[in-house]
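Here is the structure we will look at, set down as structure tokens.
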Amino acid sequence: MTNSKTTALKLSIKTGDPRPIFKQVVDGIGMAIAVGELAEGDKLPSVRALAMRLSINPNTVAKAYNELTSMGLVDSRQGLGLFVSVPKQLLSNNERKKRLQQAIERCLGDVMHLNYSDEEILKAFREELEGLRKVPKVG
Amino acid sequence: MMTDYVLETRHLSKLFGRKRALDDFTLQVQKGGVHALIGSNGAGKSTLFRILLGFLTPNAGSAALLGEDSSALTPATRGRVGYVNEEHTLPGWIRAADLKKMQQEFYPQWQEDVYRNVIANFDVDHDQMVSSLSRGERAGFNLAMTLAQNPELLILDEPTLGLDVVAKQEFLDALLFCSNLDTTVIYCSHQMEEVERLADQLIIIENGRLKNQSTPEDFLNRVSLWIVDAIHKQRVRDKIPSLLSCREIEGEFHFYVLDAENSFSRQLGLLGINDPVSAPVGLDVAVRAYLSKNHLGADMTSRGEAA
Numbered sequence: 001m002t003n004s005k006t007t008a009l010k011l012s013i014k015t016g017d018p019r020p021i022f023k024q025v026v027d028g029i030g031m032a033i034a035v036g037e038l039a040e041g042d043k044l045p046s047v048r049a050l051a052m053r054l055s056i057n058p059n060t061v062a063k064a065y066n067e068l069t070s071m072g073l074v075d076s077r078q079g080l081g082l083f084v085s086v087p088k089q090l091l092s093n094n095e096r097k098k099r100l101q102q103a104i105e106r107c108l109g110d111v112m113h114l115n116y117s118d119e120e121i122l123k124a125f126r127e128e129l130e131g132l133r134k135v136p137k138v139g
Numbered sequence: 140m141m142t143d144y145v146l147e148t149r150h151l152s153k154l155f156g157r158k159r160a161l162d163d164f165t166l167q168v169q170k171g172g173v174h175a176l177i178g179s180n181g182a183g184k185s186t187l188f189r190i191l192l193g194f195l196t197p198n199a200g201s202a203a204l205l206g207e208d209s210s211a212l213t214p215a216t217r218g219r220v221g222y223v224n225e226e227h228t229l230p231g232w233i234r235a236a237d238l239k240k241m242q243q244e245f246y247p248q249w250q251e252d253v254y255r256n257v258i259a260n261f262d263v264d265h266d267q268m269v270s271s272l273s274r275g276e277r278a279g280f281n282l283a284m285t286l287a288q289n290p291e292l293l294i295l296d297e298p299t300l301g302l303d304v305v306a307k308q309e310f311l312d313a314l315l316f317c318s319n320l321d322t323t324v325i326y327c328s329h330q331m332e333e334v335e336r337l338a339d340q341l342i343i344i345e346n347g348r349l350k351n352q353s354t355p356e357d358f359l360n361r362v363s364l365w366i367v368d369a370i371h372k373q374r375v376r377d378k379i380p381s382l383l384s385c386r387e388i389e390g391e392f393h394f395y396v397l398d399a400e401n402s403f404s405r406q407l408g409l410l411g412i413n414d415p416v417s418a419p420v421g422l423d424v425a426v427r428a429y430l431s432k433n434h435l436g437a438d439m440t441s442r443g444e445a446a
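Residue numbers (the working numbering), protein chains in the order written: chain A, 1 to 139; chain B, 140 to 446.
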């Protein structure tokens, strides 16, 4: 089965970023799954195809795919490739809460000195969130 | 005996007059993956390649390629190594088609499909004399012939130097997608963006010595940037032994540290340096910070000699 959606995966790589490239691939695909851009059962691009698109070493893509597999986000099917797996609750509620808290602190740390009102910050946040939730589900 | 490594050197030293191009240089490179080799100009990379390929005799130590001593490489072993240098040195007095034919006959393991796939990325007219190919075309032609040899070890020494943006991208695409995944690649480059995109392993040479051999991620984790008030700059310079490089920017003192422990900010506090801020860095910045220390050291030595 070929899946045209895999080619629509929005993913880009930045060199000079503190995150290593394999981590950028993991985060990018994790994000695509989180916002529904990649849905359960979707096939990921092959290692070579993704490496070619991003102009990176195929070994780096393979390493990122291994990481995504061990995180439980994708499953490999023998000879067919990698597929987005059934969503599982991987983190405890406490852990989720902690991570959310930390992410908000990081974000606000960057934002507080920009002199926006609370309403403006919340509005921008809400718009961004709605944008992410609205990614159309194809197929 | 040494077959686990595609290349290996032990206590290699090479002197050019009084200059020590390689200094007790021991390196082992495991089979597989892309190993980026970086260092400043004159760090010893070219000398290393010349010794490994048997073109130069070391003053001390030994070197081996594919398990065979570099000083006595057999033609069969040489045939398993592909070497591409920045000049893309090829005989110019021959038509591209004829040079290709000669190579094809010379290498029994020649893969015509690989040649065609690579050369398809470049606009090479095979009726042209090699000397009249553009730099980008020559690079592509050279890469196509080298990859078609199906080398077990591929040494690329600054292969994209002097290529324009388009030719550079074509070269990298061809390299990434036409090379056999089992080929071990030694990639020598000053282009950190290429290194970051390609490297599985990062090997750093400085002043003829091996300074780092790890994954890029592990290297990245070793270097951190710290920012403190500029009033502390002398104290940082005097007291921080693992200081790599530093600069003052508008009242802030920025410095890079190697292998800072978790307790580093507390250590700074004990030195009376308060409120340090640390920031993560990218690979290009980390390498620059790392190499600048060695530059500084070299400059100070030469200044000392001049005085």
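Where a beta carbon is used, it is the ideal one built from N, C-alpha and C, also for glycine.
query                                                                                                                                                                        : result
If you measure beta-carbon to beta-carbon, which residues of the region 14-27 of chain A are closer than 7 angstroms to chain B?                                             : T15, G16, D17, P18, P20, I21
Given that F316(B) touches chain A, what residues does it touch there, using C-beta distances under 9 angstroms?                                                             : R48, A51, M52, P58
Let's see if you can read the secondary structure: which residues bound the alpha helix (DSSP H) around T148(B)?                                                             : Not the alpha helix (DSSP H): T148(B) falls in the beta strand (DSSP E), residues 144-155.
Would the region 163-175 of chain B count as touching the region 119-137 of chain A if we require 3 or more Cβ pairs under 8 angstroms?                                      : no
Would you grab the beta carbon distance between T69(A) and E335(B) for me? Rounded to a whole angstrom, and I think it's under 8 angstroms.                                  : No, T69(A) and E335(B) are not in contact; Cβ-Cβ is about 24 angstroms, not under 8 angstroms.
Can you give me the start and stop residues for the beta strand (DSSP E) that R159(B) sits inside?                                                                           : 158-169
Using the three-state DSSP reduction, which class does L382(B) fall into: helix, strand or coil?                                                                             : strand
Looking at the C-beta of S76(A), does it have a partner C-beta in chain B at a distance below 8 angstroms?                                                                   : no
Taking only three categories from DSSP, how would you classify A175(B)?                                                                                                      : strand
For chain B, check one thing: does any of its Cβ atoms lie closer than 8 angstroms to the Cβ of T6(A)?                                                                       : Because T6(A) carries a pLDDT of 49, less than 50, the predicted location of this residue cannot be relied on, and the following value inherits that uncertainty. So, not an interface residue.
From the beta carbon of S55(A), is the nearest beta carbon of chain B less than 8 angstroms away?                                                                            : yes
Can you give the beta carbon distance from R376(B) to L382(B), rounded, assuming they're within the 8 angstroms contact cut?                                                 : 7 angstroms
Going by beta-carbon coordinates alone, are Y429(B) and V362(B) separated by less than 8 angstroms?                                                                          : yes
So for A62(A), helix, strand or coil by DSSP?                                                                                                                                : helix
Given that a residue counts as buried once 16 or more other Cβ atoms are within 10 Å of its Cβ, and exposed if not, what is S328(B)?                                         : buried
If we call anything under 8 angstroms between Cβ atoms a contact, is V269(B) one with P230(B)?                                                                               : yes
In whole angstroms, give me the CA-to-CA distance for N401(B) and P20(A).                                                                                                    : 20 angstroms
What does V420(B) touch in chain A if you count any residue whose Cβ is under 8 angstroms from its own?                                                                      : P18
Taking only the alpha-carbon atoms, compute the straight-line gap between A39(A) and I33(A) and give it to the nearest angstrom.                                             : 6 angstroms
Keeping to the same chain, check which residues put their C-beta closer than 6 angstroms to that of A64(A); ignore five residues upstream and five downstream.               : F22, V25, V26
Work out the CA separation of G72(A) and E127(A) for me, nearest whole Å.                                                                                                    : 30 angstroms
Enumerated in chain order, which unbroken segments of the alpha helix (DSSP H) with a length of 4 residues or greater are wholly contained in the region 336-401 of chain B? : 355-361, 372-378
Pull up the DSSP beta-bridge partners for F83(A), would you.                                                                                                                 : K43(A), D75(A)
At 9 angstroms on the CB atoms, spell out the chain A contacts of R336(B), in chain order.                                                                                   : I13, T15, I21, L54, S55, I56, N57, T60
If I'm right that E345(B) touches A182(B) with Cβ under 8 angstroms, what's the distance once you round it to whole angstroms?                                               : 5 angstroms
Using a 10 Å radius around the Cβ and a threshold of 16 neighbouring Cβ atoms, would you call E444(B) buried or exposed?                                                     : Caution applies to E444(B), whose pLDDT of 34 falls short of 50 and renders its modelled position unreliable; the model cannot decide the point.
If you check the beta carbons only, do L146(B) and L191(B) fall under 8 angstroms apart?                                                                                     : yes
Whole-angstrom Cβ separation of S55(A) and D312(B), contact assumed at under 8 angstroms?                                                                                    : 7 angstroms
Where do the N-terminal and C-terminal ends of the beta strand (DSSP E) with D252(B) fall, by residue?                                                                       : Looking at the DSSP string, D252(B) is not in any beta strand (DSSP E); the run it does join, the alpha helix (DSSP H), is 251-258.
With DSSP run on the structure shown, which of helix, strand or coil describes R133(A)?                                                                                      : helix
Give the interface partners of E356(B) over in chain A, defined as CB-CB distance under 7 angstroms, in chain order.                                                         : P20
Consider the Cβ of V168(B): report whether some Cβ of chain A lies at a distance smaller than 8 angstroms.                                                                   : no
Could you give the DSSP three-state label for Y429(B): helix, strand or coil?                                                                                                : helix
What residues from chain A crowd round E332(B), counting only those whose CB sits closer than 8 angstroms?                                                                   : T15, G16
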